[in-house]
Structures are given as structure tokens and as C-alpha cells.
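Asker:
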Amino acid sequence: MYRGNRPDGLARFLNAVAAWQFSSGLLSRERDTTLLVEGRTSGKTVSVPVVIADYAGERYLVSMLGEDANWVHNVRHAGGRAALKRRDVEQVSLVDLPADERAPILRRYLAVAPGARPHISVDRHAPLAEFAAIADDYPVFRVQRRPKGP
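Sequential numbering of the sequence shown, starting at 66, is according to the working numbering.
Laid out in C-alpha cells, this is it:
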């Protein structure tokens, strides 16, 4: 479904269904949500199902498909401005973490996102050093709530 880390037709369909399901809060866990971000070429809002990893009192998004995931490019193009939708919409800023801070979050992500495990080449029980070795390949964003207003 993700040959070359790109979703095929079936994966795109299933992602659309999951994005709807996660944003409505139906039959999904609290950490399952939908990322809303402006497309860098279309300008239209793109919806992507994501799993929030919680670590040390913070929330994080991880790209299981690495640096080439479209949502990663869109978030960076938007300067981190995005929204998370699970019943209600929360305006957020996504802060790109440097690779040397990613290892514990990657390990936590694999613990809470079983669907990501086939895409990340380290076992979820591996020592942190193994996660540090692959951290450059998997973007991690800290989720920060944006204040309401203009």
C-alpha cells in the first residue's frame, strides 16, 4: 500500500476513511486525530489521519513515511500552521524537532501507533540508541496549541 513510501490508490482511500473517522471521533482512540494543513501547491486544506504520541507531558506528530511524506512538506511550507480535528478543531503550531531530540518520541510513537511499525525499521522495544540512529529519517513535530483569534 505504501510502495516507495507513497500511498497507492487503496491507501489513499483508506486514509480518507480514517481521516473522516478520526475527525468525527467515531470508533477511534483519543490519540487518533486528523491533521488539517494547507496544501503547498493546491492551497486547499489537506486532511491526513495521524496518531498523536504523548511524551513527557507534550504531544507529538511523527511521519511514519519519513521526510518525503506530503503532509511534512505541507506543514513546513505553512510554517508549522495547522489544525487538529477530533470532533472540534484545534488550531496548532507544529514545531520541527532536531534529530537529536527525536529518539524517545519515536520509541513512544511505535508503542502507541501499531500501524506505523512496518514503516519504521527499528523494533518498538529497541534501546534508545537504535532510535537515535534512524532519527534523521523520521520527522517529529511538537504540537503547540495556538491562541484563538486572528
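Yeah, the Cβ is synthetic: ideal placement off N, Cα and C, and Gly gets one too.
1. Measure the C-alpha to C-alpha separation of V113 and D188 and round it to an integer number of angstroms.
2. So what does S186 bridge to, in DSSP terms?
3. Please state whether the Cβ-Cβ distance between R105 and E155 is less than 8 Å.
4. Please state whether DSSP places Y174 in a helix, a strand or coil.
5. Where does the unbroken alpha helix (DSSP H) through E195 begin, and where does it stop?
6. Within 10 Å of its beta-carbon, does F196 have 16 or more other beta-carbons around it, so buried, or fewer, so exposed?
7. Are three or more beta carbon pairs between the segment 133-151 and the segment 169-189 nearer than 8 Å?
8. Along the chain, which unbroken stretches of the alpha helix (DSSP H) at least 4 residues long are found entirely within the segment 82-164?
9. Given that a residue counts as buried once 16 or more other Cβ atoms are within 10 Å of its Cβ, and exposed if not, what is S128?
10. Pull up the CB-CB distance for V157 and L149, whole angstroms please, since I reckon it's below 8 Å.
11. What number of angstroms, rounded off, separates the C-alpha of T110 from the C-alpha of L100?
12. Please check the pair E103 and P204, which I expect to be a contact at CB under 8 Å, by giving their CB distance rounded to whole angstroms.
13. With R207 as the anchor, note down where its beta strand (DSSP E) starts and where it stops.
14. Does the distance from the C-beta atom of I117 to that of R96 stay below 8 Å?
15. Pull up the CB-CB distance for A191 and A164, whole angstroms please, since I reckon it's below 8 Å.
16. With a Cβ-Cβ cutoff of 8 Å, do T98 and R151 count as a contact?
Answerer: In brief:
1. On the sequence shown, position 48 is the one that residue 113 refers to. On the sequence shown, position 123 is the one that residue 188 refers to. Between V113 and D188, the C-alpha separation is close to 25 Å.
2. In the sequence shown, counting from the first residue as 1, residue 186 sits at position 121. DSSP, once it has assigned bridges, lists no residue as partnering S186.
3. By 1-based counting over the sequence shown, the position of residue 105 is 40. By 1-based counting over the sequence shown, the position of residue 155 is 90. Going by C-beta atoms, R105 is not nearer than 8 Å to E155.
4. Locating residue 174 in the sequence shown gives position 109, where the first residue counts as 1. Helix, per DSSP.
5. For the purposes of this step, residue 195 is identified with residue 130 of the sequence shown, where counting begins at 1. That run of the alpha helix (DSSP H) goes L193 to I199.
6. Here residue 196 is taken as the residue at index 131 of the sequence shown, counted from 1. Per the 10 Å Cβ criterion, buried.
7. Too few Cβ pairs lie closer than 8 Å, so no.
8. Here the runs fully enclosed are 135-142.
9. Locating residue 128 in the sequence shown gives position 63, where the first residue counts as 1. Classification for S128: buried.
10. Counting from 1 along the sequence shown, the entry for residue 157 is found at position 92. Counting from 1 along the sequence shown, the entry for residue 149 is found at position 84. Contact between V157 and L149 holds: CB atoms are separated by about 6 Å, below the 8 Å threshold.
11. Position 45 of the sequence shown holds residue 110. Position 35 of the sequence shown holds residue 100. So the alpha carbons of these two residues sit roughly 10 Å apart.
12. Start at 1 with the first residue of the sequence shown, and residue 103 comes out as number 38. Start at 1 with the first residue of the sequence shown, and residue 204 comes out as number 139. Not quite, the Cβ-Cβ distance comes to about 18 Å (not below 8 Å), so this is no contact.
13. Within the sequence shown, the letter at position 142 stands for residue 207. V205 to R210 is the extent of the beta strand (DSSP E) around R207.
14. Counting from 1 along the sequence shown, the entry for residue 117 is found at position 52. Counting from 1 along the sequence shown, the entry for residue 96 is found at position 31. With a cutoff of 8 Å on beta-carbon distance, I117 and R96 are scored as near each other.
15. As a position in the sequence shown, residue 191 is number 126, starting the count at 1. As a position in the sequence shown, residue 164 is number 99, starting the count at 1. 17 Å between Cβ atoms; not a contact.
16. Residue numbering aside, residue 98 sits at position 33 when the sequence shown is read from its first letter. Residue numbering aside, residue 151 sits at position 86 when the sequence shown is read from its first letter. With a cutoff of 8 Å on beta-carbon distance, T98 and R151 are scored as near each other.
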